[in-house]
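> Here it is, the structure in full.
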Amino acid sequence: MKLAPWMADEQALEAAGDAFLRGGWGLRGLVLAAERLVEAQITLSRRTSDALHQKQARKRMPPWDAPSAGTQLLASPLICVLRPVYGLLSALRAPPYTRSPTQRAVRVVCLSDTHSQHRSVDEIPDGDLLIHAGDLTDLGTPEQIQEAADWLKSLPHRYKVVVAGNHDGWLDAGVRGRIAELNGIDESAVDDTRIDWEGICYLQNSSVTLEFGSRTLTVHGIPQIPQLEPHVTIHAFQYPPYHVGLPWPTAPPAETDILVSHSPPLHHGDLFPNSIGCAHLLEAAWRVKPALYVFGHTHAGRGVERAYYDDAQRAWEMMLHRRREGGMLWARGERGWSWWLFRRWSVVRDLVSVCWAWRDAVRVVFGSLVSVIWTRVWGGERPLGREGWMVNPACMDVRGQRIVAGPIVVDL
Numbered sequence: 001m002k003l004a005p006w007m008a009d010e011q012a013l014e015a016a017g018d019a020f021l022r023g024g025w026g027l028r029g030l031v032l033a034a035e036r037l038v039e040a041q042i043t044l045s046r047r048t049s050d051a052l053h054q055k056q057a058r059k060r061m062p063p064w065d066a067p068s069a070g071t072q073l074l075a076s077p078l079i080c081v082l083r084p085v086y087g088l089l090s091a092l093r094a095p096p097y098t099r100s101p102t103q104r105a106v107r108v109v110c111l112s113d114t115h116s117q118h119r120s121v122d123e124i125p126d127g128d129l130l131i132h133a134g135d136l137t138d139l140g141t142p143e144q145i146q147e148a149a150d151w152l153k154s155l156p157h158r159y160k161v162v163v164a165g166n167h168d169g170w171l172d173a174g175v176r177g178r179i180a181e182l183n184g185i186d187e188s189a190v191d192d193t194r195i196d197w198e199g200i201c202y203l204q205n206s207s208v209t210l211e212f213g214s215r216t217l218t219v220h221g222i223p224q225i226p227q228l229e230p231h232v233t234i235h236a237f238q239y240p241p242y243h244v245g246l247p248w249p250t251a252p253p254a255e256t257d258i259l260v261s262h263s264p265p266l267h268h269g270d271l272f273p274n275s276i277g278c279a280h281l282l283e284a285a286w287r288v289k290p291a292l293y294v295f296g297h298t299h300a301g302r303g304v305e306r307a308y309y310d311d312a313q314r315a316w317e318m319m320l321h322r323r324r325e326g327g328m329l330w331a332r333g334e335r336g337w338s339w340w341l342f343r344r345w346s347v348v349r350d351l352v353s354v355c356w357a358w359r360d361a362v363r364v365v366f367g368s369l370v371s372v373i374w375t376r377v378w379g380g381e382r383p384l385g386r387e388g389w390m391v392n393p394a395c396m397d398v399r400g401q402r403i404v405a406g407p408i409v410v411d412l
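UniProt numbering applies: residue 1 is where the sequence shown begins, and numbers increase by one.
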């Protein structure tokens, strides 16, 4: 006879036997023994589930895979045609105006998603400020987090800023107990963060103001991400779908110069049409208009964008919003071509929807062209503090198996 996993656990059998003896060899003893075996089954199931989640983190997860060209074309032919045009016009515009001519440049070195393989990053350029946008570790244990923190301390940058990611579970009190249970950490240590951040600015819904000579920059960090899976997992800082209100306790202050989050904002580096970014973060970015916005989470979304926070960008975001896949985040990225053709009718809707699709496309092109002419031809002035860069410096490959890229450097 094949024993169930919990029956093969000697500790579970011993506990059940003790309970049976305490119950007096009768019905009460059988009930107590059964209760101990059920408790053992629940504990083992939870551990098995968490271990499976950790193992699956390295496997294919459709929402985080880069959508194929075919999927993007079926989602919106108009967006596929307009994307390179919008990218070209953005490149022709003057770079974001982030400092006055009299201010010295601040070099920011951006990292994200190193997943405990930080020592495999080939070269970390020198700079004034180093930012890590989360997922320092793979398992989220205090030992792994401390090792990553010690590595950051060894780097020569004057300031280092860190925001936690969903894989840095020990930093989230809500999942710390499960991390302890899964990794055999003493439960008495669960309420102890145990991380030495000396010399590092760890931001968890908080801000810090840094001085660079006569110039100061305010940095705000947000670790929260949209919920990744339908059940409880070891992923940290998740907020549920259809969350009412802000999913974090402290909104970024209006004077924020650099915004750092683990999740991307909606429609920026979030793998359209999967569109797994956070709408609340997009709203926050529009409100504070940071000179630099650093995020990670989507390994396949690595790159740099210019953010002008103008009518052209708003129209582009609206186009993406109307053609995103929708539904629960964890269910995206798996629908086939027939769903896009015969359920969403995306191709037909793009061709006939003059009221929004073509109108917004005209706004994107016209607004970008006007800005190119204003800044490049006429030399028009722009207000300081209303433009910036968006950077996803994810270093890990899509499967989360190895480091494939290094930091991204931005001069502010």
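Glycine is no exception: its CB is placed at the ideal position from the N, C-alpha and C atoms.
Small disclaimer: the values here were computed from a predicted structure and weren't measured.
Measuring only the C-alpha atoms, how far is Ala-361 from Ala-291?
Within the sequence shown, the letter at position 361 stands for residue 361. Within the sequence shown, the letter at position 291 stands for residue 291. If you take the alpha carbons of Ala-361 and Ala-291, they lie about 26 Å apart.
> Check whether the Cβ atoms of Val-108 and Gly-134 sit closer than 8 Å, and answer yes or no.
Against the sequence shown, residue 108 aligns to sequence position 108. Against the sequence shown, residue 134 aligns to sequence position 134. Contact flag unset, no.
> So within the stretch 142-179, which uninterrupted beta strand (DSSP E) runs reach at least 3 residues, ignoring any that extend past its ends?
159-162
> Please name the residue or residues paired with Glu-211 in a DSSP beta bridge.
Here residue 211 is taken as the residue at index 211 of the sequence shown, counted from 1. Looking at the DSSP assignment, Glu-211 forms a beta bridge with Thr-216.
> Could you say if the stretch 301-321 and the stretch 386-397 meet the contact criterion of at least three C-beta pairs nearer than 8 Å?
yes
> Cα-Cα, which of Leu-320, Ser-338, Ala-315 is closest to Arg-359?
For the purposes of this step, residue 359 is taken as residue 359 along the sequence shown, with counting starting at 1. Minimum Cα distance to Arg-359 is reached at Ala-315.
> Counting only runs of 4+ residues fully inside the stretch 274-319, write out the alpha helix (DSSP H) ranges in chain order.
The qualifying runs are 279-288.
> Would you check if there are 3 or more beta carbon pairs closer than 8 Å linking the stretch 323-343 to the stretch 72-83?
yes
> Are the CB atoms of His-132 and Leu-155 within a distance shorter than 8 Å?
Residue 155 sits at position 155 when you count from the first residue of the sequence shown. Residue 132 sits at position 132 when you count from the first residue of the sequence shown. No; because the gap between Cβ atoms is not below 8 Å, this pair is not in contact.
> For His-297 versus Pro-264, is the C-beta spacing smaller than 8 Å?
For the purposes of this step, residue 297 is taken as residue 297 along the sequence shown, with counting starting at 1. For the purposes of this step, residue 264 is taken as residue 264 along the sequence shown, with counting starting at 1. Yes. Within cutoff.
> Evaluate Trp-356 with the Cβ neighbour count: other Cβ atoms within 10 Å of its Cβ, from every protein chain shown; 16 or more gives buried, anything less gives exposed.
Your numbering for residue 356 matches position 356 in the sequence shown. By the Cβ-count criterion, Trp-356 is exposed, with fewer than 16 other Cβ atoms from all chains shown falling within 10 Å of its own Cβ.
> Which two residues bound the contiguous alpha helix (DSSP H) that contains Leu-88?
On the sequence shown, residue 88 is found 88 positions in, with the first residue counted as 1. Taken as a continuous stretch (DSSP letters only), the alpha helix (DSSP H) holding Leu-88 covers 77-92.
> Comparing C-alpha positions only, which one of Thr-233, Val-377, Cys-110 sits nearest to Cys-395?
For this step, residue 395 is matched to residue 395 along the sequence shown. Among Thr-233, Val-377, Cys-110, the Cα nearest to that of Cys-395 is on Cys-110.
> From which residue to which residue does the alpha helix (DSSP H) around Asp-411 run?
Here the question's residue 411 lines up with position 411 in the sequence shown. Here Asp-411 belongs to no alpha helix (DSSP H); instead the beta strand (DSSP E) covers 408-411.
> Is DSSP giving Gln-204 helix, strand or coil here?
Residue mapping note: residue 204 aligns to position 204 of the sequence shown, counting from 1. Residue state, collapsed to three classes: coil.
> From what residue to what residue does the alpha helix (DSSP H) around Ser-100 run?
Indexing the sequence shown from 1 puts residue 100 at position 100. First-last for Ser-100: undefined, no H or E at that position.
> Touch check for the stretch 235-244 and the stretch 161-171: three-plus C-beta pairs under 8 Å?
yes
> Look at His-299 and Asp-113 and say whether their C-beta atoms are less than 8 Å apart.
Taking the first residue of the sequence shown as position 1, residue 299 is located at position 299. Taking the first residue of the sequence shown as position 1, residue 113 is located at position 113. Cβ distance < 8 Å, so His-299 and Asp-113 count as in contact.
> Taking all protein chains shown into account, decide if Ile-373 is buried (16 or more other Cβ within 10 angstroms of its Cβ) or exposed.
The residue given as residue 373 occupies position 373 in the sequence shown. The residue in question, Ile-373, is exposed, as its Cβ has fewer than 16 Cβ neighbours within 10 Å.
> Tell me which residues share the same chain as Ser-120 and place their Cβ nearer than 6 Å to its Cβ, disregarding the 5 neighbours each side in the sequence.
As a working mapping, residue 120 is identified with position 120 in the sequence shown. Once the five neighbours on either side are set aside, the close Cβ partners of Ser-120 are Ile-403.
> Straight-line CA distance for Pro-393 to His-231?
Residue mapping note: residue 393 aligns to position 393 of the sequence shown, counting from 1. Residue mapping note: residue 231 aligns to position 231 of the sequence shown, counting from 1. One C-alpha to the other measures close to 29 Å.
> Should the stretch 239-249 be regarded as contacting the stretch 186-200, the criterion being three or more beta carbon pairs within less than 8 Å?
no
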